[in-house]
Amino acid sequence: MIVPFLSWLRARWLRLMVVGTLIGAFPIAGLSFLSYKERDLIFRIEPGIARWYNGLPAGLQELELPVSPASSQQSLHAWWWPAAARNAPAVLYLHGSRWNLTGQLFRIEQLREFGFSVLAIDYRGFGKSKGGPPSEAAVYEDARIAWERLVKLQPDPARRFIYGHSLGGAVAVELAKTLSDQPLSSRRGPAAGLIVESSFTSLADVAAAVTNIGLPIRWLLSQKFDSIDKIAGVRMPVLLVHGTGDRYIPHRFSEELYAEALEPKKLLLIEGGTHNNSMRIGSAEYRTALQEFFGLGRKTRRASLR
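The sequence shown begins at 16 in the working numbering and counts up one residue at a time.
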C-alpha cells in the first residue's frame with residue numbers, strides 16, 4: 016500500500032509548499048531532500064517477516080535472480096510456486112509497497128487456487144533481495160528481469176500473464192507497455208494478458224485526491240507511476256479489479272484506467288471489497304472473470320462485469 020505516503024502528504028501539504036519554494040531557491044538541496052523523503056514514504060519498507068506469515072507452503076521454491084551478471088551485490092529474491100497441472104498458465108506477481116513477499120502469501124495462494132503457477136518477486140530493498148533503495152526506475156527494471164525468468168519457466172506466450180496489486184499495478188502496466196512495444200523476437204517474449212487490482216491512474220492523481228487542496232502535486236513528485244498515460248499503449252487483454260469499499264485508493268481510478276485501455280478489456284468491481292481483500296471476498300467473481308476473459312480456471316457463477 017502507499018497509505019503511509021498519502022497520510023504524510025495530507026498532514027504536511029503546507030510544508031511541501033515551503034519545500035517547493037526552497038527548491039526554487041536551492042534546487043539541488045531541495046530536490047535531494049524531497050526525492051529521498053518521497054521514495055522513503057512511497058515504498059515504506061517493513062523489515063523482517065510479516066506477523067501473519069506461517070512459512071512456505073509445500074512445493075514453493077525460492078529463487079535468486081541476478082540483476083547483472085557482473086555483480087553479486089544486487090539480486091532479486093523470488094518465489095516460484097508451480098501449479099499441479101502441467102503447462103498451467105503462469106503469472107508474474109508484482110506486489111505494492113510496504114510488505115515483502117512474506118506479507119503477500121495470502122494473495123499468491125489465491126492466484127494458485129485459480130490455477131496459476133506463480134512467480135513472485137521482492138524488489139531490490141525488500142525482503143531478501145539485495146540492493147536498493149527502491150525507486151520507480153529500479154522496480155521497473157526488476158519487473159523486466161523477473162519477466163525474463165517467467166518466459167523460461169513458461170515458454171508458451173499464450174499462457175503467460177502479469178498481475179500487479181496497488182503500486183504493483185503501476186509496475187505491471189509499465190511492464191505490459193514495454194512488452195507491447197518490443198519486437199516479437201525479443202528475449203522477453205509477449206504476455207497473454209494483464210491483471211491490475213486496486214491500483215491508480217498516477218501517484219500524483221491519488222495524492223491530489225487525498226490532500227483535496229489542489230496542490231501542483233505532479234510538479235513536486237519525482238516518482239510518477241503514471242499508468243493513465245501508458246495503458247492506452249498496452250496491446251494485450253486488460254482485466255481491472257477494484258473493491259468498491261477501498262478507502263485508500265477509490266475504485267474510480269480503475270474506472271478511469273478502464274476508459275483509457277484498449278479492447279479487449281474488462282472491469283470487475285467487487286462489492287464491498289477493500290484495498291486488500293477483494294480477491295478473497297470476490298473469489299467467485301474473480302474466477303469467472305479469468306474464465307470468461309482469459310479462458311482460465313473453472314467457470315462459476317456469472318460475474319458483474321462491464
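For each residue, glycine too, the CB sits at the ideal point set by N, CA and C.
A contact between stretches requires three or more CB pairs, one per stretch, nearer than 8 Å, and the region 110-124 fails this requirement with the region 191-199. Under the DSSP assignment, residue 221 falls in the alpha helix (DSSP H) whose first and last residues are 218-226. Residue 182 is a Cβ neighbour of residue 111, given a cutoff of 8 Å.
For residue 190, the secondary structure class from DSSP, reduced to helix, strand or coil, is helix. Contact between residue 269 and residue 214 holds, since their C-beta atoms are separated by about 7 Å, short of 8 Å.
Counting every other CB atom within 10 Å of its CB across the protein chains shown gives residue 69 a total below 16, marking it as exposed. As DSSP reads the structure, residue 83 sits in a beta bridge with 86. Annotation for residue 273: the continuous alpha helix (DSSP H) segment containing it runs 267-275. By the neighbour-count criterion, in which 16 or more other beta carbons inside 10 Å mark a residue as buried, residue 310 falls on the exposed side. For residue 234, DSSP assigns no beta-bridge partner whatsoever. By alpha-carbon distance to residue 184, the top candidate from 56, 107, 83, 260 is 107. Put simply, the backbone Cα of residue 97 is about 24 Å away from that of residue 188. When only Cα atoms are considered, residue 142 and residue 244 end up about 31 Å apart. Counted as a single uninterrupted DSSP element, the stretch harbouring residue 167 is not any beta strand (DSSP E) but the alpha helix (DSSP H) occupying residues 151-168. With respect to the 8 Å criterion, residue 295 and residue 88 are not classified as neighbours on the basis of their beta carbons. By the CB criterion at 8 Å, residue 73 and residue 109 fall outside the cutoff. The region 165-172 and the region 218-227 do not touch, with fewer than 3 CB-CB distances between them shorter than 8 Å.
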